[in-house]
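Working notes for the structure below.
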Amino acid sequence: MVAIDTSGPVGAEELRAFLSELRGILEAYPRVRATVMACDAEVHQVWELDQDTLLPHTLKGGGGTSFVPVFRKVEELGLAPSALVYITDGYGDYPARQPGYPVLWVLTKEHRQPPWGRSTVLDR
Numbered sequence: 004m005v006a007i008d009t010s011g012p013v014g015a016e017e018l019r020a021f022l023s024e025l026r027g028i029l030e031a032y033p034r035v036r037a038t039v040m041a042c043d044a045e046v047h048q049v050w051e052l053d054q055d056t057l058l059p060h061t062l063k064g065g066g067g068t069s070f071v072p073v074f075r076k077v078e079e080l081g082l083a084p085s086a087l088v089y090i091t092d093g094y095g096d097y098p099a100r101q102p103g104y105p106v107l108w109v110l111t112k113e114h115r116q117p118p119w120g121r122s123t124v125l126d127r
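Per our numbering, the very first residue in the sequence shown carries number 4; after that it's consecutive.
Given below as structure tokens:
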């Protein structure tokens, strides 16, 4: 499972880096099929992605930032991810408690450290 922060503060350059990172994940794990969500303060897009699926040219969003809707959507859809990778700048509202699956926050260079989960910083 992958979530991409499409909030207003995330610029076009960062979104390109996010999509590039997503492409890299799919190339590194060619047999993996991932559910991907684009979210600002709400989930705007959900799609299934694998190495052969083209990434969308545009991602919907541009509003405020909350990470809560992605975790809520996982529950609503009855998904049981082995892990969730959230690509973001880290600025936003977090769920009060960590979910029962691992979360990796892939953060921009200018970021806010998440209160839980593991994190790494984008090289770009």
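All residues carry an ideal CB built from backbone N, CA and C; glycine is no exception.
Alpha carbon to alpha carbon, how far is PHE74 from MET4? Within the sequence shown, residue 74 is the residue found at index 71, counting from 1. Within the sequence shown, residue 4 is the residue found at index 1, counting from 1. Taking the straight line joining both Cα atoms gives about 11 Å.
Start and end of the beta strand (DSSP E) containing LEU110? Sequence index remark: in the sequence shown, residue 110 carries index 107 (1-based). Start and end: 106–110.
Quick one: grab the DSSP three-state call for ALA6. Residue 6 sits at position 3 when you count from the first residue of the sequence shown. Of the three classes helix, strand and coil, the one that applies to ALA6 here is strand, per DSSP.
Would a C-beta distance cut-off of 8 Å place ASP92 and GLU113 closer than the cut-off? Taking the sequence shown and counting its residues from 1, one reaches residue 92 at position 89. Taking the sequence shown and counting its residues from 1, one reaches residue 113 at position 110. Result yes, Cβ atoms of ASP92 and GLU113 sit closer than 8 Å.
Expressed to the nearest angstrom, what Euclidean distance is found between the alpha-carbon atoms of ASP126 and VAL71? The residue you call residue 126 lines up with position 123 of the sequence shown. The residue you call residue 71 lines up with position 68 of the sequence shown. One C-alpha to the other measures close to 26 Å.
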